[in-house]
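Taking it in order: structure first as structure tokens, then the write-up.
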Amino acid sequence: MRYVLVNKPFEVLTQFTDENGRATLKDFVPVPGVYPVGRLDYDSEGLVLLTDDKGLQHRLSEPRYKVPKTYLAQVEGVPTEEALAQLRRGVDIKTSYTAPAEAELLPAPPADLWERSKPIRFRAAIPTSWLKITISQGMNRQVRKMTAAVGFPTLRLVRTQIAHLPVDGLKPGQWRELTEAEAAKLRSAYSATKMPGERTTAPKSAAGAAKAEPTDKPAASSRKPAAGGAGSRPAGAGKPGRFSSADKPKGKSGFKPTGGGGGRKPGTGGGRSSGR
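So the sequence shown is numbered by full-length UniProt numbering: it starts at 1 and just counts up by one.
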């Protein structure tokens, strides 16, 4: 398995092909067979994880697993404490309501951040400031919608960390493979995690089968008909009172054998219990 981190530049698509000729990850990452974990908008910058580990790729992209992603957002204006509190509680972005986020107003612009290939558009009368925001969802343009919803539109957005993996040391367009320790930690954190509603692994023995069955879906075979009881219904029977040739009682009181050898007569529909 291969795991690659790339610092996606501004105005580069998080994919490897584009019929309109725009820049893609193929222009920067010459590693075959890897695919992005989630997406990063065309006009956003920063960290993207690529892998050929399809199971891990799915889990890291799935909102249920709550993979933290950290962003630096340069916003128009200076957010108030109330605006920050709204981001931390969750924000109504019209299409949905966001989960609580970590939000912090930075005292100064990030000193180690690279210059963007195209400068942002400043408005002379309105200052800008920087927020550090961590979310665990992945809705379309979520951070931009969140800051706009509290009154401070995002002018520049940079993803600086995915889970425990920072962008440190990567300039725009540069990439590197994860160390074995980094990859092992990622797999340990998310490959082995089982979320509510996921299927459990099939038991290896018949003895473990009953234990592996969900409690709200009892196995049909666990319900045994009372031996010889009138009106009893064997597990797996299609309709009340009808039996397959393998399950039909032979010579028991309360049942009428059909035919000389216990077989069904054409058109009779099989034996019926006395209680039906």
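Yeah, the Cβ is synthetic: ideal placement off N, Cα and C, and Gly gets one too.
Nearest to residue i (by Cα), restricted to the options the options
i      : options                          : result
Val31  : Ala23, Leu50 and Gly151          : Leu50
Pro9   : Val167, Ala85, Thr80 and Pro153  : Val167
Gly33  : Leu40, Arg39 and Leu25           : Leu25
Asp27  : Gln15, Pro36, Val37 and Gly38    : Gln15
Glu45  : Glu82, Tyr65 and Arg141          : Arg141
Asp52  : Tyr42, Arg64, Gly90 and Tyr35    : Tyr35
Lys145 : Asp92, Tyr71 and Arg64           : Asp92
Val150 : Gly77, Glu180, Leu106 and Pro109 : Gly77
Limits of the alpha helix (DSSP H) - the one that residue i falls within
i     : result
Gly55 : Lys54 to Ser61
Thr14 : Unbroken run through Thr14: none, as it is neither H nor E.
Ala73 : No alpha helix (DSSP H) contains Ala73, which is instead part of the beta strand (DSSP E) from Lys69 to Glu76.
C-alpha distance - residue i paired with residue j, whole-angstrom precision
i      : j      : result
Tyr3   : Leu131 : 29 Å
Asp112 : Pro172 : 13 Å
Gly238 : Arg59  : Unreliable placement is indicated for Gly238, whose pLDDT of 46 sits below 50; no coordinate value is reported for it.
Leu186 : Val158 : 22 Å
Val48  : Leu84  : 26 Å
Gln137 : Arg123 : 31 Å
Trp175 : Val29  : 7 Å
Glu81  : Ile120 : 25 Å
Residue interval of the beta strand (DSSP E) (run including residue i)
i      : result
Leu5   : Tyr3 to Lys8
Leu155 : Thr154 to Ile162
Ser188 : Run containing Ser188: none in the beta strand (DSSP E); it sits in the alpha helix (DSSP H), Glu180 to Tyr190.
Arg64  : Note, Arg64: premise wrong, no beta strand (DSSP E); not H, not E.
Thr51  : Glu45 to Thr51
Arg39  : Neither: Arg39 is in no beta strand (DSSP E) and is coded neither H nor E.
Arg176 : Trp175 to Glu177
Whole-number beta carbon distance between residue j and residue i, since they are thought to touch under 8 Å
i      : j     : result
Ser117 : Pro79 : Wrong, their Cβ atoms sit about 26 Å apart, outside the cutoff.
For the stretch 66-145, which segments carrying the beta strand (DSSP E) assignment without a break, of at least 3 residues, lie completely within its bounds, in sequence order? With a minimum length of 3 residues, the continuous beta strand (DSSP E) runs that stay inside the stretch 66-145 are 69-76, 102-105 and 128-135.
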